[in-house]
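Chemist: In my numbering, the protein residues as written are 4 to 254.
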């Protein structure tokens, strides 16, 4: 009969030191799943022991290396809170934030984890402005913000698509205010004009003049942003109809 491997023996052993030694050996060999099983067994009883800091660091890294980012992020944050003077604190803080970055979904989905990642990554940058991870952290922040911008723009555009022009105007106003430097600004200004124009043209008489004048303002904002906008032909057609409609109020 083949004798049990050291790993199998460690799993069945009641000796915490044996489990720890084999877990670390599994980690060093890149066998992170096996290391995790052993770390899970010893973690509850390891707190406060002399080698606990190293064990919890390796446990966190094992989870990270197997793409278990929710658990890894939790363990890294626990590590930082438990060992505030650890030489691994900076790395653990960055990796905790990076776990949320990796959990951030496509822009079309709920962006709760994106906001969490952004908050945690920005906090890391504020605490460690000289970190060797700074360039990567800034890159992540840029990507996360762009994802939020895309999400907000598509939501506003969806209001326009379903002819909820009041909702579209509010959403585009908020978008332009929240993301002043966005690469979607010209498109947002155009769709805001389109929404204002369609709302005005289809308004009841008592509200029409006010809404037509507002639509003229949204046209001016688009042209002020880019006089040679790719949407100028369509925008000029809207303006011509707006001005034609306004003539009835000047008589």
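Note that the Cβ used here is the ideal one computed from N, Cα and C, for glycine as well.
In this text the structure is predicted, and so the values were computed from the model without any measurement.
#1: Would you mind working out which of 234, 248, 185 and 229 sits nearest residue 212, comparing C-alpha positions?
#2: Where do the N-terminal and C-terminal ends of the alpha helix (DSSP H) with residue 251 fall, by residue?
#3: What's the gap between the Cα of residue 168 and the Cα of residue 227?
#4: Would residue 189 and residue 234 qualify as a contact pair, given that the criterion is a beta-carbon distance under 9 angstroms?
#5: Give every residue of the same chain whose Cβ lies closer than 7 angstroms to the Cβ of residue 94, excluding the five residues on either side of it in the sequence, and list them in chain order.
#6: Please report the straight-line C-alpha distance between residue 107 and residue 11, rounded to a whole angstrom.
#7: Is the distance from the Cβ of residue 66 to the Cβ of residue 74 below 9 angstroms?
#8: Less than 8 angstroms between the CB atoms is what I'm expecting for residue 200 and residue 218, so what's the real figure, rounded?
#9: Can you find the residues in the same chain that come closer than 6 angstroms, C-beta to C-beta, to residue 119, ignoring five residues on each side of it along the sequence?
#10: Do you know offhand how far residue 58's Cα is from residue 133's?
#11: Pick from 63, 123 and 146: whose alpha carbon is nearest that of residue 40?
#12: Helix, strand or coil for residue 71? Go by DSSP, reduced to three states.
#13: Taking C-alpha atoms, which residue in 209, 220, 206 and 150 lies nearest to residue 176?
#14: According to the Cβ coordinates, are residue 151 and residue 187 closer than 9 angstroms?
#15: To the nearest angstrom, report how far apart residue 181 and residue 55 are at their CA atoms.
Modeler: Result, derived from the coordinates:
#1: Here residue 212 refers to the residue found at position 209 when the chain shown is read from its first residue. Among 234, 248, 185 and 229, the Cα nearest to that of residue 212 is on 248.
#2: Within the chain shown, numbered from 1, the residue matching residue 251 stands at position 248. First-last of the alpha helix (DSSP H) with residue 251: 235-253.
#3: As a position in the chain shown, residue 168 is number 165, starting the count at 1. As a position in the chain shown, residue 227 is number 224, starting the count at 1. Going from the Cα of residue 168 to the Cα of residue 227 covers about 22 angstroms.
#4: Within the chain shown, residue 189 is the residue found at index 186, counting from 1. Within the chain shown, residue 234 is the residue found at index 231, counting from 1. In this structure, residue 234 lies closer than 9 angstroms to residue 189 by Cβ.
#5: For the purposes of this step, residue 94 is taken as residue 91 along the chain shown, with counting starting at 1. Closer than 7 angstroms at the Cβ level, and outside the excluded window around residue 94, lies no residue.
#6: Taking the first residue of the chain shown as 1, we reach residue 107 at position 104. Taking the first residue of the chain shown as 1, we reach residue 11 at position 8. Going by the C-alpha atoms only, they are around 37 angstroms apart.
#7: For this step, residue 66 is matched to residue 63 along the chain shown. For this step, residue 74 is matched to residue 71 along the chain shown. Result yes, Cβ atoms of residue 66 and residue 74 sit closer than 9 angstroms.
#8: Along the chain shown, one-based indexing puts residue 200 at 197. Along the chain shown, one-based indexing puts residue 218 at 215. Indeed, because the Cβ distance is near 5 angstroms, the residues count as touching under 8 angstroms.
#9: Translated into the one-based positions of the chain shown, residue 119 becomes position 116. Taken in chain order, the residues that qualify are 103.
#10: Locating residue 58 in the chain shown gives position 55, where the first residue counts as 1. Locating residue 133 in the chain shown gives position 130, where the first residue counts as 1. Going by the C-alpha atoms only, they are around 28 angstroms apart.
#11: Locating residue 40 in the chain shown gives position 37, where the first residue counts as 1. Among 63, 123 and 146, the Cα nearest to that of residue 40 belongs to 63.
#12: In the chain shown, the residue the question calls residue 71 occupies position 68. The three-state reading of DSSP puts residue 71 in coil, since its state is none of H, G, I, E or B.
#13: One-based indexing of the chain shown puts residue 176 at position 173. Per the Cα distances, 220.
#14: For the purposes of this step, residue 151 is identified with residue 148 of the chain shown, where counting begins at 1. For the purposes of this step, residue 187 is identified with residue 184 of the chain shown, where counting begins at 1. No.
#15: Numbered from its first residue, the chain shown carries residue 181 at position 178. Numbered from its first residue, the chain shown carries residue 55 at position 52. Taking the straight line from one Cα to the other gives about 45 angstroms.
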